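According to this note's numbering, the sequence shown is numbered sequentially starting from 5.
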Amino acid sequence: MLDLSVIEDPRAAAATLDPIRRNFLTELREPASASMLATRLRIPRQKITYHLNQLVELGLLQVVEQRQKGIMTERLMQATAASYIISPETMGELSPQSGSLRNEFSAVWMVALAARTMREVGKMILGARAAKKPLATFALDTEIVFSSAKDRAEFSKELTQSVSALANKYHKPAENGRAHRLVMTLHPTLKEQL
(Lines of atoms letter the chains of each structure in order from A; the text may use other names.)
(Lines give C-alpha, C1' and ligand atoms only; values in the text may rest on other atoms or scores of the structure.)
Protein backbone atom coordinates (compact mmCIF):
# COMPACT_ATOMS: atom_id res chain seq x y z
CA MET A 5 0.00 0.00 0.00
CA LEU A 6 1.26 3.45 -0.92
CA ASP A 7 1.28 6.29 1.63
CA LEU A 8 -0.33 8.63 -0.90
CA SER A 9 -1.81 8.22 -4.36
CA VAL A 10 -2.59 11.07 -6.75
CA ILE A 11 -5.89 10.63 -8.58
CA GLU A 12 -6.04 11.98 -12.14
CA ASP A 13 -9.04 10.01 -13.43
CA PRO A 14 -12.29 11.98 -12.92
CA ARG A 15 -14.24 8.70 -12.41
CA ALA A 16 -11.86 7.64 -9.62
CA ALA A 17 -12.12 11.12 -8.09
CA ALA A 18 -15.92 10.87 -8.11
CA ALA A 19 -15.72 7.45 -6.44
CA THR A 20 -13.66 8.84 -3.55
CA LEU A 21 -16.21 11.61 -3.04
CA ASP A 22 -19.08 9.13 -2.70
CA PRO A 23 -19.58 8.66 1.08
CA ILE A 24 -20.22 4.90 0.83
CA ARG A 25 -17.19 4.21 -1.34
CA ARG A 26 -15.00 6.55 0.70
CA ASN A 27 -16.03 4.60 3.80
CA PHE A 28 -15.02 1.34 2.09
CA LEU A 29 -11.62 2.81 1.18
CA THR A 30 -11.13 3.91 4.78
CA GLU A 31 -12.12 0.49 6.13
CA LEU A 32 -9.89 -1.26 3.61
CA ARG A 33 -6.65 0.32 4.72
CA GLU A 34 -6.37 -3.12 6.29
CA PRO A 35 -7.24 -6.13 4.10
CA ALA A 36 -10.79 -7.49 4.38
CA SER A 37 -13.32 -9.41 2.30
CA ALA A 38 -16.80 -8.33 1.24
CA SER A 39 -18.25 -10.66 3.90
CA MET A 40 -16.06 -9.16 6.60
CA LEU A 41 -17.13 -5.64 5.57
CA ALA A 42 -20.80 -6.68 5.44
CA THR A 43 -20.60 -7.89 9.05
CA ARG A 44 -18.63 -4.85 10.21
CA LEU A 45 -20.75 -2.22 8.42
CA ARG A 46 -24.12 -4.04 8.49
CA ILE A 47 -24.59 -3.65 4.73
CA PRO A 48 -25.67 -6.54 2.46
CA ARG A 49 -22.65 -8.34 0.98
CA GLN A 50 -24.06 -8.11 -2.56
CA LYS A 51 -24.21 -4.32 -2.34
CA ILE A 52 -20.67 -4.20 -0.98
CA THR A 53 -19.39 -6.53 -3.71
CA TYR A 54 -20.77 -4.23 -6.42
CA HIS A 55 -18.98 -1.19 -4.99
CA LEU A 56 -15.74 -3.09 -4.33
CA ASN A 57 -15.63 -4.32 -7.94
CA GLN A 58 -16.04 -0.74 -9.14
CA LEU A 59 -13.23 0.45 -6.85
CA VAL A 60 -10.94 -2.33 -8.13
CA GLU A 61 -11.73 -1.33 -11.73
CA LEU A 62 -10.81 2.29 -10.91
CA GLY A 63 -7.48 1.25 -9.37
CA LEU A 64 -8.43 2.34 -5.84
CA LEU A 65 -8.58 -1.20 -4.42
CA GLN A 66 -6.46 -4.26 -5.08
CA VAL A 67 -6.93 -7.94 -4.37
CA VAL A 68 -4.16 -8.90 -1.92
CA GLU A 69 -5.16 -12.51 -1.27
CA GLN A 70 -7.58 -15.15 -2.53
CA ARG A 71 -8.51 -18.18 -0.45
CA GLN A 72 -10.89 -21.08 -0.89
CA LYS A 73 -13.83 -21.28 1.51
CA GLY A 74 -15.74 -24.39 0.53
CA ILE A 75 -16.95 -23.87 -3.03
CA MET A 76 -16.43 -20.09 -2.80
CA THR A 77 -13.28 -18.07 -3.36
CA GLU A 78 -12.91 -15.29 -0.82
CA ARG A 79 -11.01 -12.22 -2.03
CA LEU A 80 -9.24 -10.06 0.51
CA MET A 81 -8.98 -6.51 -0.74
CA GLN A 82 -7.00 -3.50 0.38
CA ALA A 83 -6.95 0.15 -0.62
CA THR A 84 -4.08 0.95 -2.97
CA ALA A 85 -3.07 3.87 -0.73
CA ALA A 86 -3.51 5.05 2.84
CA SER A 87 -4.59 8.46 1.55
CA TYR A 88 -5.53 10.03 -1.76
CA ILE A 89 -5.33 13.48 -3.24
CA ILE A 90 -7.33 14.55 -6.27
CA SER A 91 -5.21 16.28 -8.89
CA PRO A 92 -6.60 19.50 -10.35
CA GLU A 93 -6.06 17.64 -13.66
CA THR A 94 -9.44 15.97 -13.05
CA MET A 95 -11.10 19.34 -13.72
CA GLY A 96 -9.76 19.49 -17.28
CA GLU A 97 -10.26 22.96 -18.76
CA LEU A 98 -11.74 24.19 -15.46
CA SER A 99 -8.42 23.58 -13.69
CA PRO A 100 -6.74 26.83 -12.56
CA GLN A 101 -4.13 28.11 -15.02
CA SER A 102 -1.43 29.93 -13.05
CA GLY A 103 -0.05 31.86 -16.03
CA SER A 104 -3.23 33.85 -16.60
CA LEU A 105 -3.58 34.88 -12.95
CA ARG A 106 -0.02 36.11 -12.25
CA ASN A 107 0.05 38.56 -9.35
CA GLU A 108 2.45 37.88 -6.50
CA PHE A 109 0.11 39.42 -3.92
CA SER A 110 -2.98 37.49 -5.03
CA ALA A 111 -4.36 34.62 -2.95
CA VAL A 112 -6.04 33.33 -6.12
CA TRP A 113 -2.66 33.11 -7.90
CA MET A 114 -1.23 31.34 -4.84
CA VAL A 115 -3.96 28.68 -5.07
CA ALA A 116 -3.39 28.38 -8.85
CA LEU A 117 0.34 27.81 -8.17
CA ALA A 118 -0.53 25.16 -5.57
CA ALA A 119 -2.81 23.49 -8.13
CA ARG A 120 -0.01 23.51 -10.72
CA THR A 121 2.37 22.02 -8.15
CA MET A 122 -0.13 19.26 -7.34
CA ARG A 123 -0.66 18.57 -11.04
CA GLU A 124 3.04 18.51 -11.98
CA VAL A 125 4.40 16.69 -8.93
CA GLY A 126 1.46 14.29 -9.02
CA LYS A 127 2.36 13.29 -12.58
CA MET A 128 6.03 12.94 -11.61
CA ILE A 129 5.14 10.74 -8.61
CA LEU A 130 3.19 8.43 -10.91
CA GLY A 131 6.07 8.36 -13.41
CA ALA A 132 8.71 7.75 -10.74
CA ARG A 133 6.67 4.88 -9.27
CA ALA A 134 6.22 3.30 -12.69
CA ALA A 135 9.97 3.62 -13.36
CA LYS A 136 10.78 2.47 -9.80
CA LYS A 137 13.03 5.51 -9.34
CA PRO A 138 13.18 8.13 -6.59
CA LEU A 139 11.89 11.63 -7.29
CA ALA A 140 14.29 14.45 -6.34
CA THR A 141 12.20 16.99 -4.44
CA PHE A 142 12.59 19.31 -1.47
CA ALA A 143 9.91 20.87 0.72
CA LEU A 144 10.16 23.35 3.56
CA ASP A 145 7.39 24.34 5.96
CA THR A 146 7.69 26.81 8.81
CA GLU A 147 5.62 29.31 10.74
CA ILE A 148 6.62 32.92 11.32
CA VAL A 149 4.89 35.47 13.55
CA PHE A 150 5.22 39.06 12.28
CA SER A 151 4.63 41.93 14.69
CA SER A 152 3.39 44.22 11.91
CA ALA A 153 2.42 44.38 8.26
CA LYS A 154 5.60 46.40 7.71
CA ASP A 155 7.73 43.52 9.06
CA ARG A 156 5.90 41.08 6.79
CA ALA A 157 6.52 43.34 3.77
CA GLU A 158 10.23 43.69 4.65
CA PHE A 159 10.53 39.92 5.08
CA SER A 160 8.92 39.37 1.66
CA LYS A 161 11.32 41.85 0.08
CA GLU A 162 14.41 40.26 1.69
CA LEU A 163 13.22 36.75 0.85
CA THR A 164 12.73 37.74 -2.79
CA GLN A 165 16.23 39.23 -2.92
CA SER A 166 17.80 36.16 -1.26
CA VAL A 167 16.01 33.69 -3.53
CA SER A 168 16.89 35.75 -6.61
CA ALA A 169 20.57 35.78 -5.57
CA LEU A 170 20.56 32.00 -5.02
CA ALA A 171 18.77 31.39 -8.32
CA ASN A 172 21.34 33.52 -10.16
CA LYS A 173 24.18 31.69 -8.41
CA TYR A 174 22.98 28.14 -9.15
CA HIS A 175 21.10 28.52 -12.45
CA LYS A 176 23.47 27.03 -15.00
CA PRO A 177 21.86 26.02 -18.29
CA ALA A 178 23.62 22.84 -19.36
CA GLU A 179 22.95 20.12 -21.90
CA ASN A 180 22.53 17.51 -19.15
CA GLY A 181 20.92 19.90 -16.65
CA ARG A 182 17.39 19.47 -15.35
CA ALA A 183 15.08 22.43 -14.77
CA HIS A 184 13.48 22.64 -11.33
CA ARG A 185 10.56 24.79 -10.22
CA LEU A 186 10.65 26.74 -6.95
CA VAL A 187 7.33 27.94 -5.55
CA MET A 188 7.17 29.78 -2.24
CA THR A 189 4.03 30.97 -0.52
CA LEU A 190 3.45 33.11 2.53
CA HIS A 191 -0.03 33.34 4.01
CA PRO A 192 -1.63 33.79 7.42
CA THR A 193 -2.26 30.61 9.39
CA LEU A 194 -5.86 29.54 9.90
CA LYS A 195 -7.31 30.63 13.21
CA GLU A 196 -8.37 27.75 15.45
CA GLN A 197 -12.13 27.19 15.45
CA LEU A 198 -13.68 27.26 18.93
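Quick reminder that beta carbons are idealized off the backbone N, C-alpha and C, glycines included.
What you are looking at is a predicted structure, and each value in this text was computed from that prediction instead of being measured.
- Comparing C-alpha distances from L190 to each of K176, S110 and T121 shows the shortest one belongs to S110.
- Take A16, set aside five residues on each side of it, and the residues of its chain with a beta-carbon closer than 7 Å to its own are L62, G63 and L64, in chain order.
- Distance from the CA of A178 to the CA of M114, rounded to the nearest whole angstrom, comes to 30 Å.
- By the Cβ neighbour-count rule, R33 is exposed, with fewer than 16 other Cβ atoms within 10 Å of its own.
- Across the structure, S39 and A83 are spaced so that their CA atoms are roughly 16 Å apart.
- One thing to note: M128 has its Cβ no nearer than 8 Å to the Cβ of L144.
- K195 and D7 have their C-alpha atoms some 28 Å from each other.
- E97 counts as exposed, since fewer than 16 other beta carbons sit within 10 angstroms of its beta carbon.
- With respect to the 8 Å criterion, S99 and A118 are not classified as neighbours on the basis of their beta carbons.
- Here I90 is not near I24, since their CB atoms are 8 Å or more apart.
- For I11, the secondary structure class from DSSP, reduced to helix, strand or coil, is strand.
- Counting C-beta atoms within 10 angstroms of its own C-beta, P48 has fewer than 16 neighbours from the protein chains shown and is therefore classed as exposed.
- The DSSP assignment places no complete beta strand (DSSP E) segment of no fewer than 3 residues inside the stretch 151–191.
- Sorting V112, L29 and D155 by C-alpha distance to the C-alpha of A86 places L29 at the top.
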